[in-house]
């Protein structure tokens, strides 16, 4: 069975500073991994996906993530945080069956002035 | 391009009343469809998924049910709501048969049970 662990439930950064949201995964096969963002009272929006191509994946809004098999990690980064980045972020792994997904518990990103 | 619609956006219902939430997808055929519930401050719980018309898989025993009367329509129902049914309900779709396919979410329905 697959699982994901988001290592921080809450991260606070200042506007203009780098963002790092950490995610470790467990999977018995080569996984597909995703990061989603959720703004208050909204659905989840796909930020980026890893599907066994390039290990450094670029997504929308300046986010990127690096797949590191040796560390079983898929951390999300952004060079410079913006106030609009404040939201909940979910790391997700696919189990390969009817595209069912396993969600992490989420990391709330706070961006301060 | 594909779009997903969910309604209503918010709903307040008394305990014991029925429920019907609807979700439709446009711009794709034979999608996989999903219903999730997100309790306050918690992650997403998969309730039902469907790989085709009339094919529903239930992930969690509960007083909710799902139906797929048409290819791109997914309905979440209950005959009698419980207080514990309160939450944020999300519908999602993905491409049929794809191992690496992400899911795409609607804007959700905020359900409050009084």
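Residue numbers (the numbering used here), protein chains in the order written: chain Y, 15 to 127; chain A, 107 to 220.
Every residue, glycine too, gets a C-beta built ideally from N, C-alpha and C.
Every value quoted in this text rests on a predicted model; they were computed, and no experiment measured them.
Per DSSP, cross-strand counterpart(s) of residue i
i: residue 226 (chain A); result: Residue 226 (chain A) is absent from the structure shown; chain A starts at 107 and stops at 220.
i: residue 198 (chain A); result: A:140, A:211
i: residue 79 (chain Y); result: Y:71, Y:90
i: residue 128 (chain A); result: A:113, A:181
i: residue 63 (chain Y); result: Y:48
i: residue 116 (chain Y); result: Y:107
i: residue 151 (chain A); result: A:143
Environment of residue i [buried if 16+ CB atoms lie within 10 Å]
i: residue 50 (chain Y); result: buried
i: residue 143 (chain A); result: buried
i: residue 110 (chain A); result: buried
i: residue 15 (chain Y); result: exposed
i: residue 176 (chain A); result: exposed
i: residue 121 (chain Y); result: buried
i: residue 187 (chain A); result: buried
i: residue 155 (chain A); result: buried
i: residue 101 (chain Y); result: buried
i: residue 120 (chain A); result: exposed
i: residue 181 (chain A); result: buried
i: residue 170 (chain A); result: buried
i: residue 115 (chain A); result: exposed
i: residue 148 (chain A); result: exposed
i: residue 46 (chain Y); result: buried
For residue i, three-class secondary structure by DSSP
i: residue 193 (chain A); result: strand
i: residue 156 (chain A); result: strand
i: residue 98 (chain Y); result: helix
i: residue 58 (chain Y); result: strand
i: residue 19 (chain Y); result: strand
i: residue 121 (chain A); result: coil
i: residue 124 (chain Y); result: strand
i: residue 168 (chain A); result: coil
i: residue 38 (chain Y); result: strand
i: residue 24 (chain Y); result: strand
i: residue 103 (chain Y); result: strand
i: residue 161 (chain A); result: strand
i: residue 108 (chain Y); result: strand
i: residue 218 (chain A); result: strand
Own chain, CB closer than 7 Å to residue i, minus 5 neighbours either side, in chain order
i: residue 30 (chain Y); result: 94, 95
i: residue 137 (chain A); result: 131, 178, 199, 200, 201, 202
i: residue 34 (chain Y); result: 89, 91
Pairwise C-alpha distance: residue j and residue i
i: residue 159 (chain A); j: residue 202 (chain A); result: 12 Å
i: residue 218 (chain A); j: residue 195 (chain A); result: 11 Å
i: residue 190 (chain Y); j: residue 48 (chain Y); result: The question about residue 190 (chain Y) has no answer here: the residues shown for chain Y are numbered 15 through 127.
i: residue 68 (chain Y); j: residue 207 (chain A); result: 16 Å
i: residue 113 (chain A); j: residue 179 (chain A); result: 12 Å
i: residue 118 (chain A); j: residue 215 (chain A); result: 10 Å
i: residue 17 (chain Y); j: residue 39 (chain Y); result: 6 Å
i: residue 116 (chain Y); j: residue 139 (chain A); result: 15 Å
i: residue 183 (chain A); j: residue 125 (chain A); result: 5 Å
i: residue 166 (chain A); j: residue 145 (chain A); result: 14 Å
Cutoff 6 Å; reference residue i; Cβ partners in own chain excluding five residues on either side
i: residue 81 (chain Y); result: 64, 69, 88
i: residue 66 (chain Y); result: 44
i: residue 53 (chain Y); result: 101
Proximal residues to residue i (C-beta, below 8 Å), its chain only, five neighbours per side dropped
i: residue 212 (chain A); result: 110, 111, 112, 129, 196, 197, 198
i: residue 123 (chain A); result: 186, 187
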